[in-house]
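In what follows, a single structure is set out as structure tokens and then discussed.
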Amino acid sequence: MRMQALALAAASGAALLAAGSLTPAASGGSLTPSAAPAAARNAHPGAVRLAPVAQTARLSHDGPSGSTADSASPAGEKPSAGIKEGSVSAADLLAKVSSCSQISNGKYRTDEETSATVPVCGANGAVFWKADMDIDCDGQVTTACNEDTDPWFQDDTAFHTSGDKPLSAEKLPYVVVPSSSSIWNYSSAGIKGGGVVAVIYGGKVEYAVVGDTGPDKIIGEASYATAKALGIDPDPETGGAESGVTYILFKNSKVSPIESHGAAVTAGDALAKEFLQNN
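Numbering (our numbering), first residue to last: 80 to 358.
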């Protein structure tokens with residue numbers, strides 16, 4: 080998460096130690112509560128904020144699809160080009176989140192230097208917010224995500240793979256949720272590690288999982304893979320989207336194994352259809 084002061088990261092880490100966090104169980108992809116905190120979240124001083132880059136036509140996400148997911152894809156890999164992210168359009172989802180019934184006790188900042196303007200909103204079967212997108216490159220060391228490409232790189236994520244390894248930000252679309260605080264407690268709201276998220280930007284829908292936690296007063300962050308899939312510059316230092324990103328998190332959902340993007344798409348498409356029916 081882009082931040083101007085290391086002090087905020089320290090304060091956030093202290094909050095995690097006091098309140099506890101979620102950590103993954105062993106193999107099988109099931110994630111359970113634990114008192115052990117995640118690694119201290121990204122303290123990103125001096126971040127450069129850029130306006131959203133022009134969209135690319137990587138995948139067509141709107142309209143009916145012959146296949147909702149590439150279930151045969153190896154765990155953690157993206158479906159092949161041409162496979163659409165489900166059959167529910169971005170427009171239909173956005174129509175259901177046009178107004179906000181605030182469930183958070185306060186509002187979040189999108190970056191350390193901004194004012195708190197983003198509430199967490201409630202809906203039938205989901206919570207959502209509208210914010211920016213900062214790039215999380217934490218987790219497994221890969222070509223795109225490492226100490227050389229990301230000045231704030233950390234080699235761990237709050238939630239782990241079914242093999243108890245950090246997630247891969249380069250390969251797996253995942254979303255970062257704020258650490259639990261007096262503003263909002265994600266676990267109490269039915270949001271779990273591995274939970275399904277519909278991320279909407281530029282007329283596209285990308286299904287992701289809840290994969291990491293961030294500072295307790297800042298919102299709006301997703302993995303390198305999420306940004307790239309949506310046509311957003313995924314560079315962890317200079318990329319991201321300044322605004323216009325909608326995150327819909329489906330309550331009490333969980334992808335197993337968490338690293339299977341194909342499973343997230345399959346579950347996400349079904350949950351999105353249910354969401355449209357119930358809202």
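Note that the Cβ used here is the ideal one computed from N, Cα and C, for glycine as well.
All figures in this text were calculated on a predicted structure; none of them were measured in a lab.
Between the stretch 180-190 and the stretch 324-339 there are fewer than three C-beta pairs closer than 8 Å, too few to call the two in contact. For Trp231, the closest C-alpha among the options Glu338, Gly274, Leu328, Asp215 is that of Asp215. Contact holds between the stretch 296-306 and the stretch 190-198, because three or more Cβ pairs, one in each stretch, are under 8 Å apart. If you check the CB distance, Leu328 and Ala169 do not come in under 9 Å.
Secondary structure of Val334 (DSSP, three-state): coil. Counting the other Cβ atoms within 10 Å of the Cβ of Ala248 gives 16 or more, which makes it buried. In this structure Gly290 does not touch Phe207 by the C-beta definition: roughly 17 Å separates them, more than the 8 Å allowed. In the three-state DSSP reduction, Ala237 falls in the coil class, being neither helix nor strand.
CA-CA distance, Pro313 to Gln356, rounds to 33 Å.
In the three-state reduction of the DSSP assignment, Asp229 falls in the coil class. Per DSSP, reduced to three states, the secondary structure at Tyr303 is helical. Rounded to the nearest whole angstrom, the CA to CA distance from Gly273 to Gly281 is 24 Å. Going by DSSP, Gly290 is part of the beta strand (DSSP E) stretching over 283-293. Linking Asn358 to Lys175 through their CA atoms gives a straight-line distance of about 6 Å. Beyond the five residues adjoining it in sequence on each side, Gly185 comes within less than 7 Å, by CB distance, of Ala195, Ile262 in the same chain, given in chain order. For Ser322, the number of other beta carbons within 10 angstroms of its own is below 16, and it is reported as exposed.
With respect to the 9 Å criterion, Tyr265 and Ser302 are not classified as neighbours on the basis of their beta carbons. When the Cα atoms are used, Asn225 and Ser241 turn out to be separated by approximately 22 Å. Within the stretch 161-210, the beta strand (DSSP E) runs of at least 3 residues that lie entirely inside it are, in chain order, 200-202.
In summary, Ser339 is buried, with 16 or more beta-carbon neighbours lying within 10 Å of its beta-carbon over all protein chains present.
Judged by DSSP in its simplified three-state form, Asp213 adopts strand. Closest in alpha carbon position to Asn203, among Lys244, Asp211, Leu172, Thr222, is Leu172.
In the same chain as Val284, and ignoring 5 residues on each side of it, the C-beta atoms closer than 6 Å to its own belong to His140, Glu164, Ala169, Ala277, in chain order.
One alpha carbon belongs to Pro245, the other to Ala346, and they sit about 22 Å apart. For a cut-off of 8 Å, the C-beta gap from Val288 to Asp211 is around 20 Å, too long to register as a contact. Looking at Thr222, Val167, Asp227, Gly310, the one whose alpha-carbon comes closest to that of Glu316 is Asp227. Looking at the DSSP output, Pro245 sits in a beta bridge with His239. For Ile311, the closest C-alpha among the options Gly218, Ile279, Ser166 is that of Ile279.
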